[in-house]
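For the sequence shown, the numbering used here begins at 20 and goes up steadily by one.
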Amino acid sequence: MTTRAEPLTGKGTVRPRSRWGFALALAVLLGICLFATYRSALFRLERVQVAGNQRLSQAEVLAIAGVMPGDLRWEVTAERVRQRLLADPWVESAQVTWRGNALVIAITEREPLALLQYHGRFYLILDKDGRVLGQRLLEEGERLPVISGVSVDRALRGDVLDDLGLKDALTLLWWTGEPLLEQLSEVHVRADRYLRLYLTGGTTVEVGVLPDDAALREEHIRTQLRGLLDQLERVPAPARARCQIDLRVFGKVLAQGCQ
């Protein structure tokens, strides 16, 4: 005689289903909690503090950083914001930290050193390394000395121009302190890297070709500029338009028509 197994019914089939139902409900509840936490105001950006900006406005810094109130903390991490800031040529260094619901941004800006004649009425704004910070018209913004004689076909923000004559002019400007820098209107660069200065009163200064050695170059520039400043202090205002000064011989300042 054979027997046939009968399917079990009753409480034995209820437990697995109840456990699966409980697990599903728990998962849904957990998902709701996680979503609520994700969207919670506790993790949202409420305010941004910006420090160190001198030329960039706070609005410009926020635009570069790509942040705005309401952003979620893990979407705008401190390192991500810092990298965005460093990608802008005006920003030399940046520190970004979260303090509660506030994002604290501290930047150091690059200093514009000179303007370089570009296309038409436009000039490139350069820092000491020849980095293009932007472009502007001559009459816009703060007064900066102009570098002429160097042609650039195309330059983008952030590009570093590597023309040797341009680097000579920027090095000279970097070592030119106040009050001489205020009197400097233009640095003309010849193809052979010969430098000539034009001062605001009309005085022309023959600098010549700078030494290639970095140490000798610094000593040469500092020595000759000190002599130039001493000479200019003795030039009467009416004579400045016709005054010609020669700095090509190291340790000497030769002047003509400066009395």
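Idealized CB from N, CA, C, for every residue including glycine.
Using the three-state DSSP reduction, which class does A256 fall into: helix, strand or coil? helix
First and last residue of the uninterrupted alpha helix (DSSP H) at R99: 97-105
Collapsed DSSP secondary structure at R245 in the structure displayed: helix
Kindly provide the ranges of any beta strand (DSSP E) runs that are 3 or more residues long and lie completely inside the region 99-165, ordered along the chain. 110-118, 121-128, 133-136, 141-145, 151-156
Quick one: grab the DSSP three-state call for T190. helix
Since L191 and V224 are thought to touch, with beta carbons under 8 Å apart, how far apart are those beta carbons, to the nearest angstrom? The Cβ separation is near 10 Å, so there is no contact.
Residue(s) in a DSSP beta bridge with A274: I264
DSSP three-state call for Y68: helix, strand or coil? According to the sequence shown, residue 68 is Gln rather than Tyr. Q68: strand per DSSP, three-state reduction.
Where DSSP assigns a beta bridge to G177, which residues make up the other side? Bridge partners of G177: none, in fact.
Classification of P164 by the beta-carbon crowding that lies within 10 angstroms, buried from 16 upward: buried
Please return the same chain residues whose Cβ sits closer than 6 Å to the Cβ of L273, not counting the five positions on each side in sequence. D265
As assigned by DSSP and simplified to three states, the class of E225: strand
Counting along the chain, where does the alpha helix (DSSP H) carrying V80 start and finish? 77-84
Assuming L199 is part of the alpha helix (DSSP H), what are its boundary residues? 199-202
CB-CB under 7 Å to P230, same chain, minus the five flanking residues each way: which ones, in chain order? R236, H239
Please state whether the Cβ-Cβ distance between D187 and L214 is less than 9 Å. yes
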